[in-house]
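Using our numbering, the letters of the sequence shown map in sequence onto residues 10 to 406.
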Amino acid sequence: GAALAAFGAGQAAPSGDPTAELLRELIRIDTSNPPGHEGRIADFLASKLRPLGFEIDMVPTPVEGKVHLIARLRGNGTRRPVLLASHADDAGAEREKWSVDPFGGVLRDGHVFGRGAIDFKGGIAVFARAVMLLAERKVPLARDVIFLAEADEEAQPYNTTWLAGRAWPKIDCEFALNEGGWIIKDESGRVKYVSISTADKVSLSATVTARGTSTHSSMPRNDSAIFTLSRALTRLADYDPPVQLIPITRRFLTTLSKTSAAPLSDHFRTLAESTDAAAVARADREISRDPLLHAIIRNTIAPVMMNAGFRSNVIPGSAQATINLRLIPGTNPNDVVRDLERVVGDPAVEVKLANPATGPVGNAPSSEDTDLFRALVRQARAAFPGAEVTPYLRLRQ
């Protein structure tokens, strides 16, 4: 608990701190995905965990070098296991845009810099050090503790869903901890609040397709698919989905109202409690200056790819954009598609989900009435006296 709390708070990590040093070693192992090569992390961590008494399972995927690591520290079995789930792969790094070597594990001013320092090698280091301390200190355990370093979280075909279908008994547990919460400080360095993620927004892909007449570019018509798509995207760019709060988001906003200075505190309270549409709209405008808060309180639309044309002298008959939808749990994607079609307002444009949905998406929030959640709250309050503790809707990366 102490290692998790201290490092998670973003406190300066002195040279020689074992968690920081482990993170630096992990960053130096390039697991940018694709291709991933997560087996390198699996081998590295296994070499540290096996001598401490962990039972090691390596689960290979059909892709060479892409391997899941499962390490189990045995308890007495009177309670079901707890799983600490991390992922070993990173998103790619554009080296020329970095001021330091992204794979150097650079320690500067008490902070570790590098690809994956936050997502999610920092988490690997914290989780791994926590389970290593349990073994080193021979802490009596009522339940097995399972440490997972997942492969393919970023690219996804061989991720935890794939693993669960092939090795479920190895990761079956009563509780699971994953990435997603935050420990937030004020300007003085005092921790204001600890957020514990109990639900995720749902990521879905949709296409916006415009159709027109395919013809030679020397004789353009007024039904250009590219121009039509451009107009549709402009309308979507100007559209902001309405505020949509679920109970855990209201509690999060209430926590922010308690830990923020006026007038922002008043805006958070208004958004969480008011039924005055005009007041809510004013509060939304102020709060949504922060992109993260803007995204937490509504469904979002983000264009991510475009495809149109095949020759420089031919006007194509279709043009398509792929948009990423991030939906609040309980949202029906079909309602969102109909809403987007209304905003576009053009029969020549079709909005379509990449994978059809039959109803609302997302899982119910994790229960707060569990030994795990109570332990997290208890530890947060012990580590950061006076800090608020709140559930939180995670955006997912």
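Every residue, glycine too, gets a C-beta built ideally from N, C-alpha and C.
Asked, Found
"Restricting to Cα atoms, I'd like to know which of Lys194, Gly84, Asn42 and Phe261 is closest to Asp128.", "Asn42"
"Rounded to whole angstroms, what's the CA-CA distance from Gly354 to Ser269? Just pull it up for me.", "41 Å"
"What residues are listed by DSSP as bridge partners for Trp191?", "Ser204"
"Measure the CB-CB distance between Asn333 and Pro250 and report whether it falls below 7 Å.", "no"
"Any idea what DSSP makes of Ala12, helix, strand or coil?", "Its pLDDT being 36, under 50, Ala12 is placed unreliably in this model, and the value from its coordinates should be taken loosely. Three-state result, Ala12: helix."
"Under 8 Å by Cβ, that's how I've got Asp99 and Thr40 pegged, so tell me the actual separation to the nearest angstrom.", "6 Å"
"Considering only C-alpha positions, which residue in the set Leu349, Leu273, Val252 and Lys57 is nearest to Arg244?", "Leu349"
"State the DSSP-derived secondary structure class of Arg230, mapped to helix, strand or coil.", "coil"
"Can you grab the Cα-Cα spacing for the pair Thr70 / Val76, in whole Å?", "6 Å"
"Quick check on this structure: which residue in Ala185, Arg59, Arg347 and Asp26 has the alpha carbon closest to the alpha carbon of Lys361?", "Arg347"
"Give me, in chain order, the residues of the same chain whose beta-carbon lies closer than 6 Å to that of Phe184; leave out the 5 immediate sequence neighbours on both sides.", "Val91 and Leu381"
"Need the endpoints of the alpha helix (DSSP H) that Glu397 sits in, please.", "Segment Glu397 to Arg403 is the beta strand (DSSP E) holding Glu397; no alpha helix (DSSP H) there."
"Could you tell me the boundaries of the beta strand (DSSP E) in which Ile310 lies?", "Thr309 to Ala317"
"Give me whichever residues DSSP pairs with Met67 in a beta bridge.", "Leu78"
"Suppose you measure from the CA of Leu35 to the CA of Ile50; what does that come to, to the nearest Å?", "7 Å"
"Could you check if Val154 is buried or exposed, using at least 16 other CB atoms within 10 Å of its CB as the buried criterion?", "buried"
"Does DSSP classify Asp293 as helix, strand or coil?", "helix"
"Would you grab the beta carbon distance between Leu32 and Ala160 for me? Rounded to a whole angstrom, and I think it's under 8 Å.", "Contact doesn't hold; Cβ gap of about 19 Å is too wide."
"Have a look at Pro149, Ala94 and Val352 and flag the residue whose alpha-carbon is nearest the alpha-carbon of Arg88.", "Pro149"
"Which one of Gly74, Ala158, Ala281 and Ala330 has the shortest CA to CA distance from Ile235?", "Ala330"
"Taking all protein chains shown into account, decide if Met141 is buried (16 or more other Cβ within 10 angstroms of its Cβ) or exposed.", "buried"
"From Pro60 to Ile193, what does the alpha carbon distance come to, in whole angstroms?", "36 Å"
"What's the call for Val121, buried or exposed, on a 16-neighbour Cβ count within 10 Å?", "buried"
"By Cβ distance below 8 Å, which residues in the same chain neighbour Ser227 in space, the five residues on each side in sequence not counted?", "Asn322"
"Determine the direct distance from the alpha carbon of Ser197 to that of Ala4, and round the result to whole angstroms.", "What is shown of the chain runs 10 to 406, which leaves residue 4 out entirely."
"Can you name the residues that DSSP bridges to Asp209?", "Arg403"
"Could you check if Ala21 is buried or exposed, using at least 16 other CB atoms within 10 Å of its CB as the buried criterion?", "With a pLDDT of 47 at Ala21, under the threshold of 50, the modelled position of this residue cannot be trusted; read the value that follows with caution. Classification for Ala21: exposed."
"Could you check how far apart the C-beta atoms of Leu254 and Pro342 are, in whole angstroms? I think they sit under 8 Å.", "In fact, because the Cβ distance is near 19 Å, the residues do not count as touching under 8 Å."
"Name the DSSP bridge partner or partners of Gln329?", "Thr218 and Asn316"
"Here's the rule: buried if 16 or more other CB atoms are within 10 angstroms of the residue's CB, otherwise exposed. What is Pro111?", "buried"
"Pro338 and Gly368 look like a contact to me (Cβ under 8 Å); what is the Cβ gap, rounded to whole Å?", "Contact doesn't hold; Cβ gap of about 12 Å is too wide."
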